[in-house]
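K.L.:
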Amino acid sequence: MASSIITAIIVSAIIHTPAPVLITAQALLLGLVGPLMGIVALDTVVGRRGSVSAFLTRSLIVVTNSIPWVIALTLLMLSEDPAIISPGIAQYVPLISDPFITNHQTALINSVITTIMLLAIDAYLLINAGPRLLRPRIPGGPESLITANKPFRGFRFRGVFTGLVRYYMRQLISARGSLGLVVGGSLMAVFLYVSLATSMNYLTQFELAIGVMAYAAPLAYITSFLPVMMYNAEYSALPIILTMPVTPIRRMLAKIPMVLTTYYALAVPIVAILTVLHHPSAIPPVLALAVSPLASTVMSAIVFQLEVRDYLGGSQALAILNLANTVLIITAASIPIIAFVAAQVLTMSITYSTMALLMTGAVETAVLTLA
């Protein structure tokens, strides 16, 4: 958050307008609303011992975490076609008015008021969520399955490894955080695919290849963070995880079906659009891009093992690992995408670009797995 604000301030100083600062501040504040409301909702349910509907609570969390996605992607659609909404109207609309603050005084006032309102909402939620976080009674992770009524229900299958695979697949659609991530990714996919379909016929072959990758890459990034969430849940139940008869490499492999299923589920609509619009040549890179979240899964396993080592050794480096985790995951997911774009620029061939994507992802995954 600090780096985002600092970058926005530098950009604002260069272009002589406060728009980047206001836009960045609003994005950060809007993104905090969902998690903070989720903390309050979850703690309320646990505190009342089930007297609050779990379904309604989960729906609230999914909706609040989806709101920023919907707003951001709606703004993206509006920005692609300025004729949809005129500057005269836009200067009065919150969030949409931000780009007009240099030329319209009303837009500047509206943006400042919007930022203050979001800040007040987040401050109120933080005051309520902060004390709840200090009381460690929010359930999560595999240990939530281990109770007197349902001991190890998630692991009653043929073999521990098979049980882990099914456990992660179940968590994909039942875990509070991952469900919100998948719903948000689905909303993002809808907006991206509609935008792609409306502009595809006007693109050259090179622009189509780069454009398809630009639309598919965010879905790969979203999928890449699912293993991180699962490992975070496992870390909260570390004493249980360390006593399970499953090696770290098998725990990592058990997450791969969940990752691939999620990515291809999000990618199915774009494949359908490319097929209907007669652009089958752009389908292979979309399918091959699954190597990005695959490499990120292995990177997540490495970070988790480092966290376990530091936990057992009493080291304080865990905080540094948590800060670096996002950078490492994004880097691992980006390397195959960078290889695709570089090969496309050099060869102008989608076949060679797809081969570069697959080979780079395979080599990266192999190296990380050996590590």
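Heads up: take any position in the sequence shown, counting from 1, add 109, and you land on my numbering.
Note that the Cβ used here is the ideal one computed from N, Cα and C, for glycine as well.
The model shown is predicted, which means the values in this text are computed figures rather than measured ones.
1) Given T371, which residues of its chain have a CB within under 7 Å of its CB, disregarding the five upstream and five downstream residues?
2) Out of curiosity, what's the CA-to-CA distance linking L403 and A329?
3) Alpha helix (DSSP H) containing Y330: first to last residue?
4) How many Å lie between S409 and S401 at the Cα?
5) From which residue to which residue does the alpha helix (DSSP H) around Q414 run?
6) Mind checking M226: buried by the 16 CB within 10 Å criterion, or exposed?
7) When you compare only the Cα positions, how much space is there between A318 and V476?
8) Quick one: what does DSSP say P251 is sitting in, helix, strand or coil?
9) Using CA atoms only, rank isn't needed, just tell me which of A342, P393 and F413 is closest to Y277.
10) If you count every other CB in all the chains shown that lies within 10 Å of the CB of A229, and 16 or more means buried, which is it?
11) Using only alpha-carbon positions, find the residue among L466, L347, A391 and V454 that is nearest to R418.
12) By the DSSP assignment, the alpha helix (DSSP H) with A480 in it spans what residues?
13) Which of helix, strand or coil does DSSP assign to A346?
14) Between which two residues does the alpha helix (DSSP H) containing M361 stretch?
15) Out of A325, V368 and V149, which one is the CA nearest neighbour of S100?
16) Output the distance between the C-alpha atoms of L254 and T435, rounded to the nearest integer angstrom.
17) Determine the DSSP secondary structure at N212, reduced to helix, strand or coil.
18) Rounded to whole angstroms, what is the Cα-Cα separation between G239 and M457?
19) Please report the distance separating the alpha-carbon of P354 from that of Y340.
20) Could you have a look at P127 and say whether DSSP puts it in helix, strand or coil?
21) Quick check on DSSP: helix, strand or coil for I236?
22) Could you name the residues of the same chain whose beta carbon sits closer than 7 Å to that of L141, not counting the 5 residues immediately before and after it, in chain order?
23) If you run the structure through DSSP and keep just helix, strand and coil, what is V221?
24) Identify which residue in L165, T223 and S206 has its Cα closest to the Cα of L137.
25) So, under 8 Å CB-CB, G147 and I170 are touching, yes? Tell me the CB distance rounded to an integer number of Å.
26) With distance defined between alpha-carbon atoms, name the residue in L131, L466, G272 and V274 nearest to D207.
27) To which residues of the same chain is S121 closer than 8 Å at the C-beta, ignoring the five residues directly before and after it?
28) Does P445 come out as helix, strand or coil in the three-state DSSP assignment?
P.N.:
The relevant details are as follows:
1) Locating residue 371 in the sequence shown gives position 262, where the first residue counts as 1. If we look at T371 and ignore the five residues flanking it on each side, its Cβ neighbours are L281, V291, T332 and L335.
2) Sequence index remark: in the sequence shown, residue 403 carries index 294 (1-based). Sequence index remark: in the sequence shown, residue 329 carries index 220 (1-based). For L403 and A329, the distance between alpha carbons rounds to 9 Å.
3) Taking the sequence shown and counting its residues from 1, the one referred to as residue 330 is at position 221. It spans Q314 to S333 - the alpha helix (DSSP H) in which Y330 sits, taken as one unbroken run.
4) Position 300 of the sequence shown, counted from the start, is the residue given in the question as residue 409. Position 292 of the sequence shown, counted from the start, is the residue given in the question as residue 401. Whole-angstrom Cα-Cα distance: 12 Å.
5) If you number the sequence shown from 1, residue 414 lands on position 305. V400 to G422 is the extent of the alpha helix (DSSP H) around Q414.
6) Translated into the one-based positions of the sequence shown, residue 226 becomes position 117. Exposed, since its Cβ has fewer than 16 Cβ neighbours within 10 Å.
7) The count along the sequence shown starts at 1 and reaches residue 318 at position 209. The count along the sequence shown starts at 1 and reaches residue 476 at position 367. Looking at the two C-alpha atoms, the distance is approximately 28 Å.
8) Translated into the one-based positions of the sequence shown, residue 251 becomes position 142. Caution applies to P251, whose pLDDT of 37 falls short of 50 and renders its modelled position unreliable; the model cannot decide the point.
9) Taking the first residue of the sequence shown as 1, we reach residue 277 at position 168. Per the Cα distances, A342.
10) For the purposes of this step, residue 229 is identified with residue 120 of the sequence shown, where counting begins at 1. That one is exposed.
11) Taking the sequence shown and counting its residues from 1, one reaches residue 418 at position 309. Nearest option by C-alpha distance: L347.
12) One-based indexing of the sequence shown puts residue 480 at position 371. No alpha helix (DSSP H) contains A480, which DSSP labels as neither H nor E.
13) The residue you call residue 346 lines up with position 237 of the sequence shown. In the structure shown, A346 sits in coil (DSSP, three-state: anything other than H, G, I, E or B).
14) Your numbering for residue 361 matches position 252 in the sequence shown. First-last of the alpha helix (DSSP H) with M361: P357 to V385.
15) Outside the shown range of the chain (110 to 480) lies residue 100, about which nothing can therefore be said.
16) Along the sequence shown, one-based indexing puts residue 254 at 145. Along the sequence shown, one-based indexing puts residue 435 at 326. Residue placement at L254 cannot be trusted, given a pLDDT of 36 that sits under 50; the coordinates are not used to answer.
17) By one-based count along the sequence shown, residue 212 stands at place 103. Looking at N212 - three-state DSSP - the assignment turns out to be coil, as it is neither helix nor strand.
18) By one-based count along the sequence shown, residue 239 stands at place 130. By one-based count along the sequence shown, residue 457 stands at place 348. G239 and M457: Cα-Cα distance of roughly 53 Å.
19) The sequence position of residue 354 within the sequence shown is 245, counting from 1. The sequence position of residue 340 within the sequence shown is 231, counting from 1. So the two alpha carbons sit approximately 17 Å from each other.
20) One-based indexing of the sequence shown puts residue 127 at position 18. Coil, per DSSP.
21) As a working mapping, residue 236 is identified with position 127 in the sequence shown. Helix at I236.
22) Taking the first residue of the sequence shown as position 1, residue 141 is located at position 32. So the list reads D231, once near-sequence residues are dropped.
23) Against the sequence shown, residue 221 aligns to sequence position 112. In this structure, V221 counts as helix in the three-state DSSP scheme.
24) By one-based count along the sequence shown, residue 137 stands at place 28. If we check each option's Cα against that of L137, T223 comes out closest.
25) Start at 1 with the first residue of the sequence shown, and residue 147 comes out as number 38. Start at 1 with the first residue of the sequence shown, and residue 170 comes out as number 61. Their Cβ separation, rounded to whole angstroms, is 4 Å, which keeps G147 and I170 in contact under 8 Å.
26) Taking the first residue of the sequence shown as position 1, residue 207 is located at position 98. Closest option to D207, Cα to Cα, is L131.
27) Stepping through the sequence shown from its first residue, residue 121 is reached at position 12. Result list for S121: P127, A128, P129 and V130, in chain order.
28) Working through the sequence shown from its first residue, we reach residue 445 at position 336. P445 falls in the helix class under three-state DSSP.
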